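Below is one structure; the comments refer to it alone.
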Amino acid sequence: MTAISKKNIWFVTGSQHLYGTETLKQVDSHTETMVKELNANKATIVPIVKQKVVTTPDEIAQVCTAANADENCIGIIAWMHTFSPAKMWIRGLSILQKPLCHLHTQFNATIPWGEIDMDFMNLNQSAHGDREFGFILSRMRKKRKVIVGHWQNPAVARQLDAWTRVALGWAELQQLKVARIGDNMREVAVTEGDKVQAQIQFGFAVNGFGTTDVVKHIDAVTDQDLNALLEVYETGYQLAGTLLKNGSQRSSLVEAARIELGLRSFLSEGGFGAFTNTFENLGLFRQLPGIATQRLMADGYGFGAEGDWKTAAMLRAMKVMATGLEGGTSFMEDYTYHFSTQGSWVLGAHMLEICPSIAHKKPSCEVHPLGIGGKEDPVRLVFDGRPGPAINVSLVDMGTRFRLIVNEVESILPQNELPKLPVARVLWDARPNLEIAAAAWILAGGAHHTVYTQALDASFMEDFADIAGVELLVIDETTRIRDFKDRLNANEAYFHLFQHGL
Ligand code: MN
Numbered sequence: 029m030t031a032i033s034k035k036n037i038w039f040v041t042g043s044q045h046l047y048g049t050e051t052l053k054q055v056d057s058h059t060e061t062m063v064k065e066l067n068a069n070k071a072t073i074v075p076i077v078k079q080k081v082v083t084t085p086d087e088i089a090q091v092c093t094a095a096n097a098d099e100n101c102i103g104i105i106a107w108m109h110t111f112s113p114a115k116m117w118i119r120g121l122s123i124l125q126k127p128l129c130h131l132h133t134q135f136n137a138t139i140p141w142g143e144i145d146m147d148f149m150n151l152n153q154s155a156h157g158d159r160e161f162g163f164i165l166s167r168m169r170k171k172r173k174v175i176v177g178h179w180q181n182p183a184v185a186r187q188l189d190a191w192t193r194v195a196l197g198w199a200e201l202q203q204l205k206v207a208r209i210g211d212n213m214r215e216v217a218v219t220e221g222d223k224v225q226a227q228i229q230f231g232f233a234v235n236g237f238g239t240t241d242v243v244k245h246i247d248a249v250t251d252q253d254l255n256a257l258l259e260v261y262e263t264g265y266q267l268a269g270t271l272l273k274n275g276s277q278r279s280s281l282v283e284a285a286r287i288e289l290g291l292r293s294f295l296s297e298g299g300f301g302a303f304t305n306t307f308e309n310l311g312l313f314r315q316l317p318g319i320a321t322q323r324l325m326a327d328g329y330g331f332g333a334e335g336d337w338k339t340a341a342m343l344r345a346m347k348v349m350a351t352g353l354e355g356g357t358s359f360m361e362d363y364t365y366h367f368s369t370q371g372s373w374v375l376g377a378h379m380l381e382i383c384p385s386i387a388h389k390k391p392s393c394e395v396h397p398l399g400i401g402g403k404e405d406p407v408r409l410v411f412d413g414r415p416g417p418a419i420n421v422s423l424v425d426m427g428t429r430f431r432l433i434v435n436e437v438e439s440i441l442p443q444n445e446l447p448k449l450p451v452a453r454v455l456w457d458a459r460p461n462l463e464i465a466a467a468a469w470i471l472a473g474g475a476h477h478t479v480y481t482q483a484l485d486a487s488f489m490e491d492f493a494d495i496a497g498v499e500l501l502v503i504d505e506t507t508r509i510r511d512f513k514d515r516l517n518a519n520e521a522y523f524h525l526f527q528h529g530l
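In the working numbering, the protein residues as written are 29 to 530.
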């Protein structure tokens, strides 16, 4: 699954006619040099496309209108090489619907002390031109990313890439279809929410399907496809003896493969990028999809268990943002605690559905009873998560708005074997510690389901929250509960006012 293909990001340089055509030519050629070099260095995940230098309200409105209309344009990087009086930008910015990144840079890195004259000063004036631009954006209450630094600095390129990735995830959400198979786990609150408001705010559409819609595809699976997939299982994973050819539980593996092929066919026919299911409403499914869901996540599909469509959509968006980056991204659940005087940890897992992209070593493929759902024993991939920094991300519906909650964590390998726990799992140390992290998370109403990622850090989610216009709460090394409560109260007031027009 790829969401990149023809996507690109536009680079718009602002100026004005005050300085004559020679200066504007230089502005244009500097922009060309910058865009060429950034592209040659593959600074951003999608190519940057240089636009004509804009110098009038009409030109600015035209480029914003064109960006809105171009489905391959995922956002605009704007830079004021010279002064560009910002009242000229009001019309364009008020109609711009694509994400905006304000690159506050300068063509020259350093001041040429011996040669600098007023011509140089008039050309290289982003130091004040970009402040004028920033004012109008703030005056218009426009959320945007601001990146400061010389454009050849790798740290600037890294920030540009991160923001471009978030814009790409956002573009994905604008056309994402989420299949909700079998509705919600009964009586569960946090996985519910306002799907209409979610579509208005985030763009993704959630629609319900019966398991019979998928079973049709499972029944149509051919022996040839089935045998090919069983071979993939045999070579890709450490297969339990009973699942090998002629093993006593081989039929469970065959059924799991059939479910995977059926689900894939259902998702691809419907153009879905994410899905949910629930163990309480499996209909004619003979097993809860375990390895199927795990492998679909590994291929980039979003997933949420028990009908959790918000986590499914976020997982898909974050998979797109993380394209090609080191570290995996998975559906996750805070499962069990380890309270200890040496430090308290969370064991994250799910019944089955954890993505093998976060596995530390080659997963083993096993079949075990599930205990709930009343179906046959499901096949699953079992592994420990890779150690290292990660974040957990939860999107919740507060009734009047959505809230995004992020906790920074450090994953560690379990010190002991877990011979009787046949599920994929990750052990982590929450920042600043479990007591504060969990208290803050619970005060914020964060869900037990999350997207867990080692490919993205909290800054990606900060950019995402700005683009989406949602509340963001980050729980990190600096979190103090008393301050966090104040933040919650302040945000209640802010978002209430925001919804009624500041
Ligand atoms: Mn769950």
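All C-beta atoms in this analysis are idealised placements derived from N, C-alpha and C, irrespective of residue type, glycine included. Everything numeric in this text was worked out from a predicted model, so none of it was measured.
| said: If distances are taken between C-alpha atoms only, which option among Phe430, Glu520, Pro113, Thr478 comes closest to Ala333? | reply: Thr478
| task | Along the alpha helix (DSSP H) that carries Met213, what are the first and last residues, could you check? | result | Element bounds for Met213: n/a, residue is neither H nor E.
| Does DSSP classify Ser296 as helix, strand or coil? | In the structure shown, the three-state DSSP call for Ser296 is helix.
| Residues bridged to Gly236 [DSSP beta-bridge criterion] | Arg208
| C-alpha distance - Lys244 paired with Ile73, whole-angstrom precision | In this model, Lys244 and Ile73 are separated by some 38 Å (Cα to Cα).
| said: Is the beta carbon of Pro450 closer than 7 Å to that of Val410? | reply: Against a cut-off of 7 Å, the Cβ pair of Pro450 and Val410 comes out as a contact.
| query | Got a sec? Which residues, its chain only, sit under 8 Å from Ile102 by beta carbon, not counting five neighbours each side? | reply | The residues are Lys35, Asn36, Ile37, Val74, Lys126, Pro127, Thr192, Ala195, Leu196, Trp198, Ala199.
| Close-in-space but distant-in-sequence residues of the same chain around Gly401 (CB under 6 Å, 5 per side omitted) | Phe307, Leu316
| Same chain only: Cβ atoms within 7 Å of Ser358, ignoring 5 sequence neighbours per side | Result list for Ser358: Met325, Ile382, Cys383, Ser385, Ile386, Tyr480, in chain order.
| query | Cβ of Val81 within 7 Å of Cβ of Asp56? | reply | It is a contact, given that the beta carbons lie within the stated cut-off.
| message | I believe Ile319 touches Cys393 by the beta-carbon criterion, under 8 Å. Please report the beta-carbon distance rounded to the nearest angstrom. | response | 7 Å
| task | Out of Met489, Phe161, Asp253, point me to the one whose CA is closest to Asn420's CA. | result | Met489
| field | Run of the alpha helix (DSSP H) containing Val184, from where it starts to where it stops | value | 182–202
| task | Have a look at Ala341, Tyr261, Asp336, Ala475 and flag the residue whose alpha-carbon is nearest the alpha-carbon of Lys390. | result | Tyr261
| request: Within the region 472–510, note down every full alpha helix (DSSP H) run reaching 4 residues or more, in order along the chain. | output: The qualifying runs are 486–496.
| message | Between the region 160–171 and the region 458–468, can you find at least three pairs of beta-carbon atoms closer than 8 Å? | response | Output reads no: the region 160–171 does not touch the region 458–468.
| Taking the alpha carbon of Ile105 as the point to measure from, which residue in Asp511, Leu500, Phe161, Gln277 has its own alpha carbon closest? | Phe161
| said: Considering only the alpha carbon of each residue, which of Ala302, Trp456, Leu257, Arg159 lies closest to Asn235? | reply: It is Ala302.
| message | Out of Met213, Val184, Ser293, which one is the CA nearest neighbour of Cys129? | response | Val184
| message | Would you say the beta carbon of Ala195 is closer than 6 Å to some non-hydrogen atom of the ligand MN? | response | no
| said: Give the list of continuous alpha helix (DSSP H) stretches no shorter than 4 residues that lie fully inside the region 252–280. | reply: none
| query | Would the C-beta of Glu308 count as close to the ligand MN, meaning under 6 Å from any of its heavy atoms? | reply | no
| request: Please determine if the region 206–225 and the region 152–161 are in contact, where contact requires at least 3 C-beta pairs separated by less than 8 Å. | output: no
| Residue(s) in a DSSP beta bridge with Pro417 | Note: Pro417 sits in a beta bridge opposite Glu438.
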